[in-house]
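Here's the structure we're looking at; comments come further down.
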Amino acid sequence: MMDITLLGPVTGFALAACGTPGPNNMLLASAGTRSGYRSSLKLLLGIMLGLQLLLLLTALGLGRLFEMWPVLQWGLKIAGSGYLLWLAWRIATAPPPGDDERSMRWHQGALFQFLNPKSWLMAVSAISGFTLSGEQYWPSAWGVLGVFLICGMVTGHLWTLIGMRVRRWLHTDTHWQRFNAVMGVLTAACVVMIWY
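Structural data, given as structure tokens:
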């Protein structure tokens, strides 16, 4: 079981890390606006599955590779930035949604975590900052994973609901074009956060 004194700090960190604007939340808000709740929920579950796997792999030692070989961090930043810019372009130039509109599929959301530098930063920071040594390592690591799962689901739902609320104001193709452009710019702005 996780040390109770760590519960408050890890929860605060997880809420801040999962709840602040970033690539995942821009995708969820956009999906909530374009596709509605059910399709967005599948994307949220995929994102959380990918993040949980990333946290587990980091706990197993994958995060140490970044400490040993800093060039891997640069490679991830470059690949992640390129993918985010491509995704931002796709969002910004998307047509108004059709009747059969679907968001990114759940497995794409899960795999996206491995290209999302913010997810890597969250995973490495959470595991290195909130796990205990010795026999308490794995109980504290499982605690971190559990807290991130709960906080990520709550904040992800909030971003999806925000997107669904925005849809009420989008009545014309011009409204959709402006919304898509704003979401594309916000997604591209996540690249700036990656580098600073």
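Per my numbering, residue 1497 is the first one in the sequence shown, and the count goes up by one each step. Here a beta-carbon is modelled for each residue, glycine too, at the ideal position from N, C-alpha and C.
Inclusion of L1511 and C1686 in the CB contact set at 7 angstroms is not warranted, their separation being larger than that value. The beta carbon of L1654 sits closer than 8 angstroms to those of G1515, all from its chain and outside the five residues before and after it, given in chain order. Rounded to the nearest angstrom, the gap between the Cα atoms of F1626 and A1677 is 38 angstroms. When rounded, the separation of the alpha-carbon atoms in R1530 and I1658 is 12 angstroms.
With contacts defined by Cβ atoms closer than 7 angstroms, L1540 and Y1579 do not form a contacting pair.
Per DSSP, the continuous alpha helix (DSSP H) segment holding F1626 begins and ends at P1613 to F1626.
Per the coordinates, the alpha-carbon of I1500 lies some 43 angstroms from the alpha-carbon of R1664. Using a Cβ-Cβ distance cut-off of 8 angstroms, the segment 1515-1524 and the segment 1606-1624 are in contact, since at least three pairs of beta carbons, one from each stretch, lie closer than that value. By the Cβ-count criterion, S1624 is exposed, with fewer than 16 other Cβ atoms from all chains shown falling within 10 Å of its own Cβ. In the same chain as Q1569, and ignoring 5 residues on each side of it, the C-beta atoms closer than 7 angstroms to its own belong to F1562, in chain order. Within the same chain, and ignoring the five residues on either side of L1666 in sequence, the residues whose Cβ sits closer than 6 angstroms to its Cβ are W1672 and F1675.
When the beta-carbon positions are compared, I1587 and G1680 come within less than 7 angstroms of each other. Ranked by how close their Cα comes to the Cα of M1522, the residues T1668, P1505, L1682 and R1601 have L1682 in first place. In this structure, L1551 lies away from L1628, with their beta-carbon atoms at least 7 angstroms apart. Judged by their CB atoms, A1606 and G1542 are nearer to each other than the 7 angstroms cut-off. Distance between P1591 and G1504, taken at the CA atoms: about 43 angstroms. Rounded to the nearest whole angstrom, the C-alpha separation of G1594 and D1669 is 11 angstroms. For T1507, the closest C-alpha among the options G1571, V1662 and A1622 is that of A1622.
Here the C-alpha atom of K1538 lies approximately 19 angstroms from the C-alpha atom of L1583.
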